[in-house]
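Undergrad:
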Amino acid sequence: MSPRQTTPQHDFFRGIWQENPVLIQMLGLCPALAVTNTTRNALVMGIATFFVLVGSSFLVSLVKKVVPNEVRISTYILIIATFVTVADMTLEALVPDTHKDLGAFIALIVVNCMILSRQEAFASKNTIGRSLLDAFGTGIGFIIAMLMMGVVREVLGAGTIFDVKVIPGNFEPWVIFVLPPGGFLTLGFWLLLLNWFQEKRAERAKVREWPEGVAEGRVA
Amino acid sequence: MTAPQQLEVRKDVPAWQLLVTLGLAGALAGLVLVFVYQVTLPRIEYNKAVRLAAAVQEVLKAPYRYDTLYVLDDQLATQLPEGTDPKTLEAIYLGYTEDDVRIGFAITRAEAGFADLINVIFGYDHATGNVLGMKVLESKETPGLGDKIEKDMDFVTSFDGVLAPIQGVKAGRGSGDSHEVDLITGATISSRTLIRIINNALERLEPMLDSYLATASASATVEAVQ
Chain A
1 MSPRQTTPQH
11 DFFRGIWQEN
21 PVLIQMLGLC
31 PALAVTNTTR
41 NALVMGIATF
51 FVLVGSSFLV
61 SLVKKVVPNE
71 VRISTYILII
81 ATFVTVADMT
91 LEALVPDTHK
101 DLGAFIALIV
111 VNCMILSRQE
121 AFASKNTIGR
131 SLLDAFGTGI
141 GFIIAMLMMG
151 VVREVLGAGT
161 IFDVKVIPGN
171 FEPWVIFVLP
181 PGGFLTLGFW
191 LLLLNWFQEK
201 RAERAKVREW
211 PEGVAEGRVA
Chain B
1001 MTAPQQLEVR
1011 KDVPAWQLLV
1021 TLGLAGALAG
1031 LVLVFVYQVT
1041 LPRIEYNKAV
1051 RLAAAVQEVL
1061 KAPYRYDTLY
1071 VLDDQLATQL
1081 PEGTDPKTLE
1091 AIYLGYTEDD
1101 VRIGFAITRA
1111 EAGFADLINV
1121 IFGYDHATGN
1131 VLGMKVLESK
1141 ETPGLGDKIE
1151 KDMDFVTSFD
1161 GVLAPIQGVK
1171 AGRGSGDSHE
1181 VDLITGATIS
1191 SRTLIRIINN
1201 ALERLEPMLD
1211 SYLATASASA
1221 TVEAVQ
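In the order they appear, the protein sequences are chains A and B.
At position 162 of the first sequence (counting the first as 1) the number is 162 in my numbering, and the numbers step up by one without a gap.
Heads up, my numbering is the position in the second sequence plus 1000, with the first residue counted as 1.
#1: Using the C-alpha atoms, what's the distance from L62 of chain A back to F83 of chain A?
#2: Output the boundary residues of the beta strand (DSSP E) element that contains R1109 of chain B.
#3: Exposed or buried, what is Y1037 of chain B when buried is set at 16 or more other beta-carbons lying within 10 Å of its beta-carbon?
#4: Going along chain B, which residues have a C-beta under 7 Å from E154 of chain A?
#5: List, in chain order, every chain B residue whose beta-carbon is nearer than 8 Å to that of G150 of chain A.
#6: Name the one or two DSSP bridge partners that M1134 of chain B has.
#7: For L27 of chain A, count neighbouring C-beta atoms within 10 Å of its own C-beta (all shown protein chains included) and say buried if the count is 16 or more, exposed if not.
#8: Bridge partners of I1189 of chain B, per DSSP?
#9: Taking all protein chains shown into account, decide if A1062 of chain B is buried (16 or more other Cβ within 10 angstroms of its Cβ) or exposed.
#10: What first and last residue would you give for the alpha helix (DSSP H) that runs through Q1017 of chain B?
#11: Please compile the residues from chain A whose C-beta is within a distance smaller than 7 Å of the C-beta of K1151 of chain B.
#12: Buried or exposed: where does T98 of chain A fall if 16 or more other Cβ atoms within 10 Å of its Cβ makes it buried?
#13: Which bits of chain B does A158 of chain A rub up against, with CB to CB less than 8 Å?
#14: Can you have a look at N1047 of chain B and say buried or exposed, based on whether 16 or more other CB atoms are within 10 angstroms of its CB?
#15: Does A93 of chain A have its Cβ less than 8 Å from a Cβ in chain B?
#16: Is there a Cβ of chain A sitting closer than 8 Å to that of Q1167 of chain B, yes or no?
#17: Touching or not, the stretch 148-159 of chain A and the stretch 184-191 of chain A, by the rule of three or more beta carbon pairs under 8 Å?
#18: Tell me whether K1011 of chain B is buried or exposed, calling it buried when 16 or more other Cβ atoms sit within 10 Å of its Cβ.
#19: Show which residues of chain B have a CB atom less than 8 Å away from the CB atom of L78 of chain A.
#20: Compare the Cα-Cα distances from P982 of chain B to each of A:A87, A:E92, A:G141, A:L147 and report the closest residue.
#21: Looking at the structure shown, is Q1079 of chain B part of a helix, part of a strand, or coil, going by DSSP?
#22: Could you check the C-alpha separation between V166 of chain A and T39 of chain A for me, to the nearest Å?
#23: Consult DSSP for E199 of chain A and reduce its assignment to one of helix, strand or coil.
#24: Give the DSSP-derived three-state secondary structure of I161 of chain A in the structure shown.
#25: To be precise: take each residue of the stretch 98-130 of chain A, compare its Cβ to all Cβ atoms of chain D, and keep it if any distance is under 7 Å. Which residues remain?
#26: Quick check: what's the CA-CA separation for E19 of chain A versus N41 of chain A?
#27: For a quick check, are the C-beta atoms of V1131 of chain B and A1164 of chain B less than 8 Å apart?
#28: Let me know the secondary structure DSSP gives G169 of chain A once reduced to three states.
#29: Can you check which of these residues, B:G1104, B:S1190, B:K1170, B:G1174, is closest to D1116 of chain B by C-alpha distance?
#30: Can you name the start and end residues of the alpha helix (DSSP H) that Y76 of chain A belongs to?
#31: Is it the case that the stretch 1016-1023 of chain B contacts the stretch 1105-1116 of chain B, given that we only count it when at least three CB pairs across the two stretches are under 8 Å?
#32: Ignore the nearest five residues each way along the sequence and tell me which others in W1016 of chain B's own chain have a CB closer than 6 Å to its CB.
#33: Over what stretch of residues does the alpha helix (DSSP H) that includes V60 of chain A continue unbroken?
#34: Can you check which of these residues, B:V1162, B:M1153, B:G1133, B:Y1124, is closest to E1058 of chain B by C-alpha distance?
#35: Buried or exposed: which applies to S124 of chain A, given that a residue is buried once 16 or more other Cβ atoms fall within 10 Å of its Cβ?
#36: Counting only beta-carbon atoms, is T1040 of chain B nearer than 8 Å to chain A?
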């Protein structure tokens, strides 16, 4: 089966915006909701996921011809789980406090559907170079989405970014934003904003295509 | 749209090939993990030791110094016989004030919680039977519910000064008894387990603490007489 024809630029940038895993594809929402209560946690989680995604995409693309179709999913999961365990041990050695905060969610990267979907939909069908581009793009898209969540939640919920106070004066933190409901609220508002923005853009594009006067209802 | 593609007819792959693929992948994964484990282990152990020392400070309310006692043949020992690896032994910590007055013991114990082991350290004043403080060293309890046993500071501080054995009561249903600790709504199993861990640890260690303190005070008297 020949894959869809895309350019390398498209492979890379698609994951960052157009098909952003969290904001557009709605994949990997579990970490995006659960561990984005501070910017640091969001960033570390994003980087760990990025590492797992890039590593697995590379390996899956490398072995795509040798792995029989019947056991491909098990092999992908095995590869992903290995990278996750490596990330888990490395984080525990390097940033023990954040590792403790993230807790079970690091191990849960194994079941992040964003990662498996990139293996099944892309890395197993494309060359190593393009799989890497795709993984880099998607991984960066994921980190951006995590930061969008983490920054908003930490600023509103604690008045800080990376534990540095950013809101001066006697700001009373909206504690709900660092609690689980805050995750849903933040994601909801981001999606509302982004969808509204895209709709506006689509409308403008449509108006441009129409004959003069039609958009204003002045059809002759 | 691309033209409809010819469906490939797949041949059956023999079972041995599947087994070899998965077996090989598993073996390689194992090899990688062993390597990474060995590289990261020293650093992880160092982090754990730092965290433990900080936890001892916390649950014994900042002791001036503390001794490490090892559980050896149901006895507490400060000195180990030659060739014993201290890492393999259960250890408890005895804290002193600046004037060499015993503050209490810091005791760790791990037991199965709602998810995986809960590893807890607590300070215990043997003379009065008071728990001095409690801290969860490690747990994988459900985020947002069970993990309140370490994040709900009201619950954590409610162990300060409670009398052992501890009794968990539903929040607001207690009779004001000094053995009581309020359980957490939404983390009933985890908080009850935590209390059980502390009680079990004390039940097991109490005789050892008794005999250790008896010999320690006996030798202190001998020293004083000489």
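Yeah, the Cβ is synthetic: ideal placement off N, Cα and C, and Gly gets one too.
TA: Quick look at the numbers:
#1: If you number the first sequence from 1, residue 83 of chain A lands on position 83. If you number the first sequence from 1, residue 62 of chain A lands on position 62. Approximately 15 Å between the Cα atoms of the pair.
#2: For the purposes of this step, residue 1109 of chain B is taken as residue 109 along the second sequence, with counting starting at 1. Here the beta strand (DSSP E) through R1109 of chain B covers 1102-1112.
#3: Translated into positions along the second sequence, residue 1037 of chain B becomes position 37. When all chains shown are included, Y1037 of chain B counts as exposed.
#4: Start at 1 with the first residue of the first sequence, and residue 154 of chain A comes out as number 154. Residues of chain B passing the Cβ test: none, with the nearest at roughly 17 Å.
#5: Walking along the first sequence from the start, residue 150 of chain A turns up at place 150. Going along chain B, no residue has its Cβ under 8 Å from G150 of chain A, so there is no contact; the nearest lies around 16 Å.
#6: Sequence index remark: in the second sequence, residue 1134 of chain B carries index 134 (1-based). B:F1122, per the DSSP bridge assignment.
#7: Translated into the one-based positions of the first sequence, residue 27 of chain A becomes position 27. Counting Cβ neighbours within 10 Å, L27 of chain A comes out buried, since at least 16 surround it.
#8: The residue you call residue 1189 of chain B lines up with position 189 of the second sequence. According to DSSP, which records beta bridges pairwise, I1189 of chain B is partnered with nothing at all.
#9: Here residue 1062 of chain B refers to the residue found at position 62 when the second sequence is read from its first residue. Exposed is the call here.
#10: As a working note, residue 1017 of chain B is residue 17 in the second sequence. Residues 1015-1059.
#11: As a position in the second sequence, residue 1151 of chain B is number 151, starting the count at 1. Neighbours of K1151 of chain B on chain A: none; closest Cβ ~10 Å, over 7 Å.
#12: Numbered from its first residue, the first sequence carries residue 98 of chain A at position 98. It counts as buried.
#13: Numbered from 1 along the first sequence, position 158 holds the residue referred to as residue 158 of chain A. Under the 8 Å cutoff, chain B gives no residues; its nearest Cβ is about 15 Å from A158 of chain A.
#14: Along the second sequence, read from residue 1 onward, the residue named residue 1047 of chain B stands at position 47. Buried, because 16 or more other Cβ atoms sit within 10 Å of the Cβ of N1047 of chain B.
#15: The count along the first sequence starts at 1 and reaches residue 93 of chain A at position 93. Yes, A93 of chain A lies at the interface with chain B (some Cβ there is under 8 Å from its Cβ).
#16: For the purposes of this step, residue 1167 of chain B is taken as the residue at position 167 of the second sequence. No, Q1167 of chain B does not count as interfacial toward chain A.
#17: yes
#18: Here residue 1011 of chain B refers to the residue found at position 11 when the second sequence is read from its first residue. Looking at its Cβ environment, which holds fewer than 16 other Cβ atoms inside 10 Å, K1011 of chain B is exposed.
#19: On the first sequence, position 78 is the one that residue 78 of chain A refers to. Going along chain B in sequence order, the residues near L78 of chain A (Cβ under 8 Å) are L1022, A1025, G1026, A1029.
#20: Absent from the structure is residue 982 of chain B, since the part of chain B shown begins at 1001 and ends at 1226.
#21: On the second sequence, residue 1079 of chain B is found 79 positions in, with the first residue counted as 1. Q1079 of chain B: coil per DSSP, three-state reduction.
#22: Walking along the first sequence from the start, residue 166 of chain A turns up at place 166. Walking along the first sequence from the start, residue 39 of chain A turns up at place 39. Using only the alpha carbons, I get a separation of about 13 Å.
#23: In the first sequence, counting from the first residue as 1, residue 199 of chain A sits at position 199. Correct three-state label for E199 of chain A: helix.
#24: Position 161 of the first sequence, counted from the start, is the residue given in the question as residue 161 of chain A. Correct three-state label for I161 of chain A: strand.
#25: Of the chains in the structure shown, none is chain D; the protein chains are A and B.
#26: On the first sequence, position 19 is the one that residue 19 of chain A refers to. On the first sequence, position 41 is the one that residue 41 of chain A refers to. Distance between the alpha carbons of E19 of chain A and N41 of chain A: 24 Å.
#27: For this step, residue 1131 of chain B is matched to residue 131 along the second sequence. For this step, residue 1164 of chain B is matched to residue 164 along the second sequence. Yes, the Cβ-Cβ distance between V1131 of chain B and A1164 of chain B is below 8 Å.
#28: Locating residue 169 of chain A in the first sequence gives position 169, where the first residue counts as 1. If DSSP states are grouped into helix, strand and coil, G169 of chain A belongs with coil.
#29: Within the second sequence, the letter at position 116 stands for residue 1116 of chain B. Answer by Cα proximity: B:S1190.
#30: Locating residue 76 of chain A in the first sequence gives position 76, counting from the first residue. Y76 of chain A -> alpha helix (DSSP H) spans 72-94.
#31: no
#32: To locate residue 1016 of chain B, count along the second sequence from 1; it is residue 16. Cβ within range, chain order: n/a, list empty.
#33: Position 60 of the first sequence, counted from the first residue, corresponds to residue 60 of chain A. Taken as a continuous stretch (DSSP letters only), the alpha helix (DSSP H) holding V60 of chain A covers 39-63.
#34: Here residue 1058 of chain B corresponds to residue number 58 of the second sequence, with the count starting at 1. Checking every option, the nearest Cα to that of E1058 of chain B belongs to B:G1133.
#35: Here residue 124 of chain A is taken as the residue at index 124 of the first sequence, counted from 1. Classification for S124 of chain A: buried.
#36: If you number the second sequence from 1, residue 1040 of chain B lands on position 40. T1040 of chain B counts as touching chain A.
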